[in-house]
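Before any comments, here is the structure.
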Ligand SMILES: NC(=O)c1ccc[n+]([C@@H]2O[C@H](COP(=O)([O-])OP(=O)(O)OC[C@H]3O[C@@H](n4cnc5c(N)ncnc54)[C@H](O)[C@@H]3O)[C@@H](O)[C@H]2O)c1
């Protein structure tokens, strides 16, 4: 049997000619992923519920990279709007090769303080949103018939409870399993489905929540920037959104062609503790 021809390493990581969609792309991890995808050569639709922030982020990344980066406004928990927006993105670019289900919320609340509204909204955005984003994207990928890459942003919380986030930990555990189930169903269409599980990442979301952490559980949790908190992370620092984006480029690229159903931790070693 002859050896397969090897592609040059650089071509394995390029996203040139690909069309991507990133939910929650206006800020934080989603914005960093959008920026790296565009830098790698992809056109990117950035879907976010915050239209103004989405527009500003899309504009800045398009100017810097020269790629087509479009802001699209939708709430991932609003299915008609989510589906229409993903369809519009695929129509705009003529295809959809990559979809990142990143939008998620993590409202800190002790378990006894979680009411039905907090529970439902967390599941609707974080778990239901990830499922229906993936479903709508897979439909487009199957129509085009060239396979695709679906990436979900999970969390180390899916296996290691964060504290005061039972509702979120459960949703992220669902995301992890969802990816495995969809990976099994869609492998025959050439669609891979993987998860990145970030640890403690410095983003606008976590910065806004720092105060809540202290209020919710002052005895065991502190501000993420507190040296005592950082000392718990083996690598001694918070992750950046770009740490996550670099791993995302790998998992949606040809370099990851035979990886599906996997969860990749990007956590500075926190799961080792
Ligand atoms: N930051 C962390 O430490 C961390 C750790 C593990 C996992 N995560 C996960 O990474 C993802 C991004 O987190 P982040 O810290 O960058 O968040 P962030 O709050 O900084 O940014 C989230 C973005 O998503 C958008 N968004 C929120 N709800 C939406 C909805 N219903 N529909 C569409 N857009 C919506 C927001 O407008 C915002 O632009 C989330 O799924 C989060 O659970 C984050």
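In this note's numbering, the protein residues as written are -18 to 254. Virtual Cβ for every residue (Gly too), placed ideally from N, Cα, C. It should be emphasised that the depicted structure is a prediction, and the values quoted were computed from it without experimental measurement.
- With respect to residue 131, residue 118 sits close: the two C-beta atoms are nearer than 8 Å.
- Per the Cβ contact rule, the stretch 36 to 45 is not in contact with the stretch 87 to 99 (fewer than 3 Cβ pairs under 8 Å).
- With contact defined as three or more Cβ pairs closer than 8 Å, the stretch -1 to 8 and the stretch 79 to 95 are in contact.
- The Cβ atoms of residue 189 and residue 174 lie no closer than 8 Å to each other.
- Burial is judged here by how many other beta carbons sit within 10 angstroms of a residue's own beta carbon; residue 1 has at least 16 and is buried.
- A Cβ-Cβ separation of about 16 Å leaves residue 222 out of contact with residue 245 under the 8 Å criterion.
- DSSP, read as helix, strand or coil, puts residue -14 in coil.
- When only Cα atoms are considered, residue 49 and residue 65 end up about 20 Å apart.
- Of the other Cβ atoms in all chains shown, fewer than 16 fall within 10 Å of the Cβ of residue 239; this residue is therefore exposed.
- For residue 15 and residue 116, the gap between their C-alpha atoms comes out near 20 Å.
- Sixteen is the threshold: when 16 or more other Cβ atoms of the shown chains lie within 10 Å of the Cβ of residue 148, as they do, the residue is buried.
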